[in-house]
Ligand SMILES: [Zn+2]
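In this note's numbering, the protein residues as written are 73 to 382.
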């Protein structure tokens with residue numbers, strides 16, 4: 073009798089407290105170099121288990137202040153990151169660099185505004201964040217539920233008059249921020265920590281998974297990838313996927329965008345629809361990428377449509 077009571081109480085507790093059992097990120101930073109850390113995002117698509125935390129977040133600690141790279145998908149995520157950073161150092165988080173406006177990189181911004189962090193984001197991307205943010209937020213609500221997005225808001229912030237490249241000093245630690253216009257997004261920011269020779273490339277580089285291209289200018293993006301390959305760096309932190317040491321790993325992104333671009337251009341020239349292409353089955357190259365199928369189905373029609381209007 074007693075054991076049944078215990079089981080009953082346990083079941084009751086579990087079902088009446090679903091929030092306690094879910095909505096946890098389990099964030100553990102990886103130290104790439106002394107005082108340079110990365111939280112690797114989930115390699116899966118946005119879902120109810122990962123709470124949208126699919127992109128990478130970084131932080132760099134100088135002698136006077138801290139810089140964070142990307143805000144993550146929500147207020148909750150940003151709160152978790154800030155809490156962990158505070159356990160490493162009590163220096164102020166002076167800068168947040170948002171590499172571009174996509175929700176998985178930008179929706180934690182409101183949390184950083186509460187601690188007076190200066191937000192650095194390309195002007196074109198800040199505009200997109202403000203213009204489309206609430207719509208994306210509603211879509212994200214529908215996808216992963218409200219608990220993950222508690223307190224997440226799209227807020228305006230002061231981001232005027234920034235001239236790139238930006239040079240910052242965190243205290244014996246120099247950082248350069250470069251702007252790459254109309255590549256993966258309208259304005260991708262790349263961050264270099266000079267002393268460790270580490271480059272944070274945002275979504276200009278994807279590792280292990282299919283690159284997404286709903287707002288991309290693929291012609292520019294390809295050139296930017298060549299530029300990134302030729303730059304001097306020891307480690308590259310992509311927007312998604314594992315830390316890159318070998319320059320050849322950047323070719324994964326290039327091969328994908330080349331293929332989807334060529335397919336879309338040919339289709340629009342010959343009046344072939346995305347559905348007709350899908351009916352022929354999945355091309356071999358697409359199968360090699362994590363989330364290849366999902367990304368192919370989502371991005372190819374967008375690209376064909378874009379070329380039809382050019
Ligand atoms: Zn992106």
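For every residue, glycine included, the Cβ atom is placed at its ideal position computed from N, Cα and C.
Enclosing beta strand (DSSP E) for residue i [first to last residue]
i: residue 312; result: 307-312
i: residue 382; result: Neither: residue 382 is in no beta strand (DSSP E) and is coded neither H nor E.
i: residue 294; result: Premise fails: residue 294 lies in the alpha helix (DSSP H), 290-302, not in any beta strand (DSSP E).
i: residue 278; result: 270-278
i: residue 97; result: That residue, residue 97, is in no beta strand (DSSP E); it is neither H nor E in DSSP.
i: residue 167; result: 165-169
i: residue 267; result: Residue 267 -> no beta strand (DSSP E), and no H or E assigned at all.
i: residue 132; result: 129-133
i: residue 141; result: 138-141
i: residue 103; result: 102-105
Beta carbon of residue i nearer than 9 Å to that of residue j
i: residue 150; j: residue 182; result: yes
i: residue 396; j: residue 270; result: Because the chain spans 73 through 382 in this model, residue 396 falls outside it and cannot be assessed.
i: residue 170; j: residue 197; result: yes
i: residue 107; j: residue 114; result: no
i: residue 99; j: residue 158; result: no
i: residue 411; j: residue 290; result: This structure gives no information on residue 411, because the portion of the chain shown stretches from 73 to 382.
i: residue 367; j: residue 273; result: no
i: residue 249; j: residue 238; result: yes
i: residue 233; j: residue 135; result: no
i: residue 38; j: residue 357; result: For residue 38 there is no data in the structure shown, the boundaries of the chain being 73 and 382.
i: residue 333; j: residue 279; result: no
i: residue 263; j: residue 141; result: yes
i: residue 354; j: residue 365; result: yes
i: residue 194; j: residue 172; result: yes
i: residue 189; j: residue 165; result: yes
i: residue 296; j: residue 258; result: no
Distance cut-off 8 Å: residue i Cβ against heavy atoms of ligand 1
i: residue 275; result: yes
i: residue 284; result: yes
i: residue 113; result: no
i: residue 213; result: no
i: residue 176; result: yes
i: residue 257; result: yes
i: residue 311; result: yes
Boundaries of the alpha helix (DSSP H) in which residue i is found, first to last residue
i: residue 338; result: 323-342
i: residue 114; result: Neither: residue 114 is in no alpha helix (DSSP H) and is coded neither H nor E.
i: residue 153; result: 147-160
i: residue 178; result: 175-178
i: residue 43; result: Outside the displayed range of the chain (73 to 382) lies residue 43, so it cannot be described from this structure.
i: residue 250; result: Premise fails: residue 250 lies in the beta strand (DSSP E), 246-253, not in any alpha helix (DSSP H).
i: residue 346; result: 346-351
Option nearest residue i by Cα separation, candidates the options
i: residue 229; options: 172, 185, 297; result: 185
i: residue 377; options: 366, 340, 364; result: 340
i: residue 211; options: 175, 235, 239, 187; result: 175
i: residue 105; options: 330, 355, 215, 309; result: 309
i: residue 288; options: 157, 371, 161, 96; result: 371
i: residue 268; options: 133, 125, 311, 327; result: 133
i: residue 349; options: 369, 362, 222, 364; result: 369
i: residue 110; options: 148, 254, 314, 124; result: 314
i: residue 123; options: 245, 364, 173, 222; result: 222
i: residue 344; options: 375, 319, 360, 190; result: 375
i: residue 145; options: 131, 118, 297; result: 118
i: residue 225; options: 296, 209, 235; result: 209
i: residue 316; options: 277, 286, 293; result: 277
i: residue 360; options: 331, 382, 352, 342; result: 331
Task: Unbroken stretches of the beta strand (DSSP E), 3 residues or longer, contained in the stretch 190-244 - done: 190-192, 238-241
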